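Participant: Pasting in a structure now, in structure tokens, and then I'll have a few things to ask.
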Amino acid sequence: MATIRSIRRELAEQLALAGLAEAQHEALLIVAGTLAWPVSRLLAEPEHRVSLQQAEQLRRRAVRRAGHEPLAYILGQTAFGGLDFVVGPGTLVPRPDSEVLVETARRLLAERGSRGEVRLLDTCTGSGAIGICLAWQLDQDGYRVRLSLVDREADALAWARRNSRLLPERVALRVIQADLFPGDEDPYDLVTANPPYIPSGQIDHLMPEVSVHEPRMALDGGPDGLAFYRRLAGQAPAHLRRDGFLVLEHGYDQADAISAILSAQGFAVRPAVLDFGGHLRVTAGQAVR
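As structure tokens, this is what we get:
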């Protein structure tokens, strides 16, 4: 019967043979996630014996990961902004850099000073991680939050609905299947979006975790990667309060183009914000007309 130590070693060797750079760490996460143990307990009890059933489940999951299926899909969840979101096929896995979008939006609202009701729309929402995390934090900040989560894909919205369990009961929620904006809402204080921004011709050159397993429709930003930004900037003024914000995540080399698109639609553009890797990742515009 395998022990924690031996099964970790076995999984790590299998993942390393598949070319995964973080094989040791990912093996640890697979064991922790499968057994529902904190990592600290795994490290403290390396000689604990796993059952035959558990060992087989661990080996099956290692095979999936060796095939470059995203680890979050295999474990069924991922951490984002201090919350645990369920994810799987049909939605993008939330990236840590998207937390910069959440923090930027939170800061822009704080600059306005008022902490009454705030109307928030997260479009291209996918798993709902950005909108739900932001609404959760704004609720903690003392706002009365009304949140709309919008996506055109029913599969993605199914994940967003499941993740809505993370919201405080005080948050008023709507989950809406629509292209970019719902058609029957009052103006919003804040619109956030992490839309598809990979140029069509580059998708097949991405790591297989992304190009093979994540939904192409959530990646494909058109020939230059900017198609959704043009549409968002063109349509958002009709859905924002006069002093409302459109806050956008984008590719590391797209900040100048996004600023130009927002400016052309009359937004007062804020300086782009760096992600955790030092790349310009988030740009915001304020509606002024």
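Taking the working numbering, the leading residue of the sequence shown gets 13, the next gets one more, and so forth.
Ideal placement from N, C-alpha and C gives every residue a C-beta, glycine not left out.
For clarity, every value in this text was computed on a predicted model and none was experimentally measured.
Rounded to the nearest angstrom, what separates N206 and S160 at their Cα positions?
Facilitator: Counting from 1 along the sequence shown, the entry for residue 206 is found at position 194. Counting from 1 along the sequence shown, the entry for residue 160 is found at position 148. For N206 and S160, the gap between their C-alpha atoms comes out near 15 Å.
Participant: What is the DSSP secondary structure of Q266, counted as helix, strand or coil?
Facilitator: If you number the sequence shown from 1, residue 266 lands on position 254. It is coil, neither helix nor strand.
Participant: Using a Cβ-Cβ cutoff of less than 6 Å, which residues in the same chain neighbour R173 once the five nearest sequence positions on both sides are dropped?
Facilitator: Position 161 of the sequence shown, counted from the first residue, corresponds to residue 173. Same-chain partners within the cutoff: V187.
Participant: Straight-line CA distance for D255 to R301?
Facilitator: Looking up residue 255 in the sequence shown gives position 243. Looking up residue 301 in the sequence shown gives position 289. Going by the C-alpha atoms only, they are around 8 Å apart.
Participant: What did DSSP end up calling V300 once you bin it into helix, strand or coil?
Facilitator: To locate residue 300, count along the sequence shown from 1; it is residue 288. In the displayed model, V300 falls within coil according to three-state DSSP, outside both helix and strand.
Participant: Using the DSSP secondary-structure output, state which residues sit across from A2 in a beta bridge.
Facilitator: The structure shown has nothing for residue 2, since the chain only spans 13 to 301.
Participant: Run through DSSP, which three-state label would R164 get?
Facilitator: Counting from 1 along the sequence shown, the entry for residue 164 is found at position 152. Coil.
Participant: Output the residue ranges of the alpha helix (DSSP H) runs that lie fully inside the stretch 205-257 and measure 4 residues or longer, sorted by chain position.
Facilitator: 220-223 and 239-247
Participant: DSSP three-state call for A30: helix, strand or coil?
Facilitator: Within the sequence shown, the letter at position 18 stands for residue 30. Reduced to three states, the DSSP call for A30 is coil.
Participant: Can you tell me the Cβ-Cβ gap for H251 and V203, rounded? I've got them flagged as a contact below 8 Å.
Facilitator: Within the sequence shown, numbered from 1, the residue matching residue 251 stands at position 239. Within the sequence shown, numbered from 1, the residue matching residue 203 stands at position 191. Confirmed, Cβ separation roughly 7 Å.
Participant: Since A185 sits in a beta bridge, which residues does DSSP pair it with?
Facilitator: As a working note, residue 185 is residue 173 in the sequence shown. As written in the sequence, residue 185 is Leu, which differs from the Ala given in the question. Answer by DSSP bridge pairing, in chain order: L159.
Participant: I need the boundaries of the alpha helix (DSSP H) containing E51, first residue and last residue.
Facilitator: Your numbering for residue 51 matches position 39 in the sequence shown. Just to set this straight, residue 51 is Val in the shown sequence, not Glu. Unbroken alpha helix (DSSP H) run through V51: V51 to A56.
Participant: Report the option in R53, P227 and L179 whose CA atom is closest to the CA atom of E81.
Facilitator: On the sequence shown, residue 81 is found 69 positions in, with the first residue counted as 1. For E81, the nearest C-alpha among the options comes from P227.
Participant: With 16 other CB atoms within 10 Å as the buried threshold, where does V62 fall?
Facilitator: Here residue 62 refers to the residue found at position 50 of the sequence shown. With 16 or more Cβ atoms within 10 Å of its Cβ, V62 is classed as buried.
Participant: For D151, which three-state DSSP category applies?
Facilitator: Here residue 151 refers to the residue found at position 139 of the sequence shown. D151 falls in the helix class under three-state DSSP.
Participant: Please report the distance separating the alpha-carbon of E22 from that of V294.
Facilitator: Position 10 of the sequence shown, counted from the first residue, corresponds to residue 22. Position 282 of the sequence shown, counted from the first residue, corresponds to residue 294. Near 41 Å, if we compare the C-alpha coordinates of V294 and E22.
Participant: Do you know offhand how far V75's Cα is from A14's?
Facilitator: The residue labelled residue 75 in the question sits at position 63 within the sequence shown. The residue labelled residue 14 in the question sits at position 2 within the sequence shown. Roughly 17 Å between the two C-alpha positions.
Participant: With a cut-off of 8 Å on the beta carbons, I'd call R127 and Y155 a contact; round off their distance for me.
Facilitator: Within the sequence shown, residue 127 is the residue found at index 115, counting from 1. Within the sequence shown, residue 155 is the residue found at index 143, counting from 1. 5 Å between Cβ atoms; contact.
Participant: Going by the beta-carbon positions, is the gap between V114 and G93 smaller than 8 Å?
Facilitator: What you label residue 114 is simply residue 102 of the sequence shown in a count that begins at 1. What you label residue 93 is simply residue 81 of the sequence shown in a count that begins at 1. Against a cut-off of 8 Å, the Cβ pair of G93 and V114 comes out as a contact.
Participant: Using DSSP's beta-bridge definition, name the partner residues of Q89.
Facilitator: Taking the first residue of the sequence shown as position 1, residue 89 is located at position 77. In the DSSP output, where bridge partners are listed per residue, Q89 has V98.
Participant: Buried or exposed, going by whether 16 or more other CB atoms sit within 10 Å of the CB of V51?
Facilitator: In the sequence shown, counting from the first residue as 1, residue 51 sits at position 39. Result: exposed.
Participant: The alpha helix (DSSP H) with E68 in it runs from where to where?
Facilitator: Within the sequence shown, residue 68 is the residue found at index 56, counting from 1. Note, E68: alpha helix (DSSP H), L64 to A78.
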